[in-house]
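Using our numbering, count along the sequence shown one by one with no gaps and you end on 692. Positions of the beta carbon are idealized from the N, C-alpha and C atoms, including for glycine. Report on one structure; see the data block that follows.
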Amino acid sequence: TNGARSSHRLRHVSSLAAPPPSRLNAVVLGDALASEEHDLVIPKPDFSAQAHFPSPAKYLDLYKQSIEDPAGFWSDIASQFYWKQKWASPVYSENMDVREGRINIEWFKGGITNICYNCLDANIAAGNGEKIAIYWEGNELGADATLTYNQLLHKVCQLANYLKDIGVRKGDAVVIYQPMLMELPIAMLACARIGAVHSVVFAGFSSESLSQRIVDCKPKVVLTCNAVKRGPKVINLKDIVDAALAESAKNGTVVDVCLTYANESALTKESTKWVEGRDIWWQDILSKYPNSCDVEWVDAEDPLFLLYTSGSTGKPKGVLHTTGGYMVYTATTFKYAFDYKPSDVYWCTADCGWITGHSYVTYGPMLNGATVVVFEGAPNYPDSGRCWDIVDKYKVSIFYTAPTLVRSLMREGDEFVTRYSRKSLRVLGSVGEPINPSAWRWFFNVVGDSRCPISDTWWQTETGGFLITPLPGAWPQKPGSATFPFFGVQPVIVDEKGAELEGECSGYLCVKSSWPGAFRTLYGDHERYETTYFSAFPGYYFSGDGCSRDKDGYHWLTGRVDDVINVSGHRIGTAEVESALVSHPQCAEAAVVGVEHEVKGQGIYAFVTLVEGVPYSDDLRKSLIMNVRKQIGAFAAPDKIHWAPGLPKTRSGKIMRRILRKIASRQLDELGDTSTLAEPGVVDQLIALADS
Ligand code: PRX
Numbered sequence: 001t002n003g004a005r006s007s008h009r010l011r012h013v014s015s016l017a018a019p020p021p022s023r024l025n026a027v028v029l030g031d032a033l034a035s036e037e038h039d040l041v042i043p044k045p046d047f048s049a050q051a052h053f054p055s056p057a058k059y060l061d062l063y064k065q066s067i068e069d070p071a072g073f074w075s076d077i078a079s080q081f082y083w084k085q086k087w088a089s090p091v092y093s094e095n096m097d098v099r100e101g102r103i104n105i106e107w108f109k110g111g112i113t114n115i116c117y118n119c120l121d122a123n124i125a126a127g128n129g130e131k132i133a134i135y136w137e138g139n140e141l142g143a144d145a146t147l148t149y150n151q152l153l154h155k156v157c158q159l160a161n162y163l164k165d166i167g168v169r170k171g172d173a174v175v176i177y178q179p180m181l182m183e184l185p186i187a188m189l190a191c192a193r194i195g196a197v198h199s200v201v202f203a204g205f206s207s208e209s210l211s212q213r214i215v216d217c218k219p220k221v222v223l224t225c226n227a228v229k230r231g232p233k234v235i236n237l238k239d240i241v242d243a244a245l246a247e248s249a250k251n252g253t254v255v256d257v258c259l260t261y262a263n264e265s266a267l268t269k270e271s272t273k274w275v276e277g278r279d280i281w282w283q284d285i286l287s288k289y290p291n292s293c294d295v296e297w298v299d300a301e302d303p304l305f306l307l308y309t310s311g312s313t314g315k316p317k318g319v320l321h322t323t324g325g326y327m328v329y330t331a332t333t334f335k336y337a338f339d340y341k342p343s344d345v346y347w348c349t350a351d352c353g354w355i356t357g358h359s360y361v362t363y364g365p366m367l368n369g370a371t372v373v374v375f376e377g378a379p380n381y382p383d384s385g386r387c388w389d390i391v392d393k394y395k396v397s398i399f400y401t402a403p404t405l406v407r408s409l410m411r412e413g414d415e416f417v418t419r420y421s422r423k424s425l426r427v428l429g430s431v432g433e434p435i436n437p438s439a440w441r442w443f444f445n446v447v448g449d450s451r452c453p454i455s456d457t458w459w460q461t462e463t464g465g466f467l468i469t470p471l472p473g474a475w476p477q478k479p480g481s482a483t484f485p486f487f488g489v490q491p492v493i494v495d496e497k498g499a500e501l502e503g504e505c506s507g508y509l510c511v512k513s514s515w516p517g518a519f520r521t522l523y524g525d526h527e528r529y530e531t532t533y534f535s536a537f538p539g540y541y542f543s544g545d546g547c548s549r550d551k552d553g554y555h556w557l558t559g560r561v562d563d564v565i566n567v568s569g570h571r572i573g574t575a576e577v578e579s580a581l582v583s584h585p586q587c588a589e590a591a592v593v594g595v596e597h598e599v600k601g602q603g604i605y606a607f608v609t610l611v612e613g614v615p616y617s618d619d620l621r622k623s624l625i626m627n628v629r630k631q632i633g634a635f636a637a638p639d640k641i642h643w644a645p646g647l648p649k650t651r652s653g654k655i656m657r658r659i660l661r662k663i664a665s666r667q668l669d670e671l672g673d674t675s676t677l678a679e680p681g682v683v684d685q686l687i688a689l690a691d692s
């Protein structure tokens with residue numbers, strides 16, 4: 001409970017101090033390029049002057065308040081939202097210590113609200129009905145559309161009315177498998193409006209992955225689209241959904257309705273395969289429904305959505321977020337981490353199929369009444385200047401993307417960037433993986449013309465919103481550091497034994513005490529929630545990431561320390577890829593590790609052992625990769641298959657991944673002790689086969 005923990009909360013504040021000015025080997029933002037010699041980038045005074053947080057002092061002051069009195073801090077902020085009924089007391093309650101019983105986190109319990117109402121109706125009531133909510137940019141140059149807040153509300157209400165009409169009720173699951181059309185945020189908001197729990201599945205997942213998620217959450221309806229064009233390629237989503245629904249039915253989950261948006265720029269209705277009685281064309285039916293729809297008022301702790309993510313075992317985890325805390329947290333982090341002002345035009349390149357698209361395409365921005373760009377296409381189509389073309393077209397002022405995109409555009413040369421004005425940009429953002437200092441500098445110097453602070457936001461599907469993030473204008477920045485904790489967040493770095501490390505240190509990143517946006521459980525598996533996140537270091541939430549803190553208190557994320565890899569910002573469990581590989585009839589065993597990849601951050605490197613007597617061939621390699629594409633999705637396809645007649649194992653049969661990682665990254669002089677292996681000879685054999 002909250003009162004008792006406030007003394008713990010205080011302890012950390014003292015270790016957080018502003019960097020001593022004497023050590024600032026600094027450049028003023030805009031006065032010089034951020035270069036190798038300068039490890040601090042000071043915000044430009046005119047930026048800071050207009051920022052929500054113009055100085056470290058203001059941040060530190062509020063941070064201290066948020067830790068000393070989280071209940072007071074967050075209820076002041078929550079009061080700015082619309083609540084049908086105010087929350088009860090206490091503002092929050094938590095048990096984050098497995099030794100003290102069931103893990104439990106609740107914020108604003110008893111408060112009655114609706115997040116869709118706060119995104120749309122509340123902004124309209126405040127006079128923003130005619131403000132642009134969405135600028136939609138299609139795959140093809142010149143294909144675009146807009147929706148004002150009023151128009152968005154109408155579309156959301158029509159879909160909400162339809163969903164109610166087919167029997168979707170509060171608490172029912174709805175699966176959404178859609179590309180980045182406006183219909184995707186519309187679908188999320190429509191579910192939220194009627195209290196249904198959406199589960200968006202990224203439209204790059206295969207039918208088998210989609211089916212696995214459908215069987216897990218048993219939706220009343222699947223919302224999809226017949227096809228989409230990404231770059232020059234047409235992807236037939238409806239075929240994937242058809243296969244997924246057939247597979248789900250075999251596994252006992254029959255979905256009665258498949259509402260399909262006709263995206264005729266990619267595929268005509270006539271060419272779309274159709275299951276009579278189950279499939280309904282979105283446009284045909286929704287126009288028949290009224291464009292206003294009463295809100296279903298829900299408790300702050302009622303579920304808002306499920307989002308499946310990868311862990312260290314094969315089965316994806318259904319991360320569950322609830323309504324009130326998530327609403328308050330995403331809105332607040334959005335506003336401060338991007339220094340958002342009502343005149344901004346905001347573009348986040350993430351797909352709504354991932355958490356970034358939930359919190360920072362849809363909910364966070366719309367709760368602030370922001371104008372959001374939604375882009376259907378690919379950033380290198382028709383050429384590598386597309387992003388900056390879009391920035392100029394809509395006068396984007398806040399641009400939020402992933403390091404993998406920065407690195408891939410960096411390789412194409414500055415010309416694609418500098419031929420566009422980009423004058424509208426004022427804040428840049430990065431997410432999904434550590435941003436290496438050279439990519440940071442290119443993003444800062446070339447894209448942002450050395451004017452725009454970069455918010456390198458560290459967070460996770462589980463955390464709902466940013467936990468460690470710069471506040472633009474407040475702090476001097478260090479290229480590659482996510483800087484400091486957001487309000488109310490107490491990151492701690494612990495050693496293997498779970499002891500908190502102070503000052504300059506490196507170890508495992510945990511969080512002490514809850515924050516409003518934290519996930520509440522794994523759907524249908526609270527026990528896995530407790531063991532995965534709260535048992536490794538009792539008393540803390542364990543993120544799965546490594547982190548170091550430097551002498552000035554800046555945080556540097558160093559990547560996952562578990563069997564999760566991060567490929568182009570997509571989170572993939574090595575166990576999932578292994579299970580897809582061994583399902584191939586000719587594969588006996590597989591071990592997958594991540595290796596450094598110049599563009600993707602990490603690449604997927606798979607060691608495979610074949611069934612006795614099967615020869616390794618190029619065709620077999622291709623067919624192994626095909627299995628992964630089919631079972632997970634193209635984004636999880638291994639970059640390298642390494643044929644392994646034997647794998648390095650301990651005498652008890654455990655695969656020594658440490659050795660495999662070294663072989664995969666060709667750090668052969670760092671193999672370490674191989675004497676505990678059951679058959680030390682396999683290591684030399686693997687090295688000999690490395691480039692065959
Ligand atoms: O390893 C961290 C990395 O992405 C993981 C979370 O992945 P996911 O749940 O898919 O969410 C991605 C979008 C929030 C983390 O455990 N990660 C995310 N952001 C950063 C990061 N690593 C370093 N720096 C970041 N800014």
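What span of residues does the beta strand (DSSP E) with Thr309 cover, start to end? It spans Pro303 to Thr309 - the beta strand (DSSP E) in which Thr309 sits, taken as one unbroken run.
From what residue to what residue does the alpha helix (DSSP H) around Asp76 run? Pro70 to Ala78
Alpha carbon to alpha carbon, what distance is there between Pro648 and Leu671? 11 Å
Would you say Thr531 touches the ligand PRX, meaning its beta carbon is less than 7 Å from a heavy atom? No, the Cβ of Thr531 stays beyond 7 Å of every heavy atom of the ligand PRX.
Return the chain-ordered ranges of every beta strand (DSSP E) run that is complete within the segment 289-375 and spans a minimum of 3 residues. 303-309, 317-322, 345-348 and 371-375
Cβ-based neighbour list, Lys220, same chain, cut-off 6 Å, excluding 5 preceding and 5 following: Val168 and Asp172
Minimum C-alpha distance to Ala187 - residue among Trp282, Arg419 and Ser207: Trp282
For Val431, which residues does DSSP report across the bridge? Paired residue(s): none; Val431 is not in a bridge.
Answer yes or no: do Asp344 and Ile398 have a C-beta to C-beta separation smaller than 8 Å? yes
Beta-carbon within less than 7 Å of Asn128's beta-carbon, same chain only, minus the 5 sequence neighbours each way: which residues are those? Excluding five sequence positions before and after Asn128, the CB atoms of its chain that fall closer than 7 Å to its own CB belong to Tyr149 and Gly369, given in chain order.
Strand pairing of Asn95, partner residues [DSSP]: Beta-bridge pairing links Asn95 to Asn104.
Return the CA-CA distance between Val492 and Ser481, expressed in angstroms with no decimal places. Val492 and Ser481: Cα-Cα distance of roughly 16 Å.
Buried versus exposed call for Ser66 [16 or more other C-beta atoms within 10 Å across all chains shown]: Label assigned to Ser66: buried.
DSSP beta-bridge partners of Lys640: In DSSP, Lys640 forms a bridge with Tyr605.
Please classify Lys164 as buried or exposed, where buried requires at least 16 other C-beta atoms within 10 Å of its C-beta. Counting the other Cβ atoms within 10 Å of the Cβ of Lys164 gives 16 or more, which makes it buried.
With distance defined between alpha-carbon atoms, name the residue in Phe466, Pro437 and Pro470 nearest to Thr356. Phe466
Alpha carbon to alpha carbon, what distance is there between Ala300 and Val91? Straight-line Cα distance between these residues: approximately 11 Å.
Between Phe81, Arg651 and Val593, which lies nearest to Asp639 when the distance is taken from Cα to Cα? Val593
Given Val628, which residues of its chain have a CB within under 7 Å of its CB, disregarding the five upstream and five downstream residues? Val577, Ala580, Leu581, Ala636, Ala637 and Pro638
Same chain, Cβ closer than 7 Å to Lys600, neighbours up to 5 away in sequence not counted: Thr404, Val567 and Ser568
Apply the 10 Å Cβ neighbour rule to Val611 and answer buried if 16 or more other Cβ atoms are within range, or exposed otherwise. exposed
Who are the near neighbours of Glu137 in its chain, counting only those whose CB is closer than 8 Å to its CB and skipping five residues on each side? Cβ within range, chain order: Ala143, Asp144, Val373, Val374, Phe375, Glu376, Gly377, Ile390, Lys393 and Tyr394.
Would you kindly work out how many angstroms separate the C-alpha atoms of Asn236 and Tyr177, rounded to a whole number? 12 Å
Please confirm whether any heavy atom of the ligand PRX lies closer than 7 Å to the CB of Asp351. no
Exposed unless 16 or more other CB atoms sit within 10 angstroms - verdict on Thr531: exposed
For Pro21, collect the residues of the same chain with a Cβ closer than 7 Å to its Cβ; drop the 5 residues on either side in sequence, then sort them by chain order. Because the pLDDT of Pro21 is 37, which lies under 50, any placement of that residue in the model is unreliable, and the number read from its coordinates should be weighed accordingly. Once the five neighbours on either side are set aside, Pro21 has no close Cβ partner at all.
Would you say Asn566 touches the ligand PRX, meaning its beta carbon is less than 7 Å from a heavy atom? True, at least one ligand heavy atom lies under 7 Å from that Cβ.
According to DSSP, is Ser632 helix, strand or coil? The residue asked about is misnamed: residue 632 is Ile in this sequence, not Ser. Ile632: coil per DSSP, three-state reduction.
Specify, as a first and last residue, the run of the alpha helix (DSSP H) that Ser271 falls within. First-last for Ser271: undefined, no H or E at that position.
Neighbourhood of Ala18 by C-beta distance below 6 Å, restricted to the same chain and skipping five residues each side: Residue placement at Ala18 is flagged as unreliable, the pLDDT there being 43, under the threshold of 50; a coordinate-derived value is accordingly withheld.
So, using beta-carbon positions, are Met182 and Ile132 closer together than 8 Å? no
Less than 8 Å between the beta carbons of Pro453 and Pro472, yes or no? yes
Per DSSP, which residues does Ile454 bridge with? Please list them. In the DSSP assignment, Ile454 forms a beta bridge with Leu428.
I want to check one thing, is the minimum distance from the CB of Pro479 to the heavy atoms of the ligand PRX below 7 Å? no
Exposure label - Lys233; buried when at least 16 CB within 10 Å: exposed
Which of the three DSSP states, helix, strand or coil, is assigned to Gly681? helix
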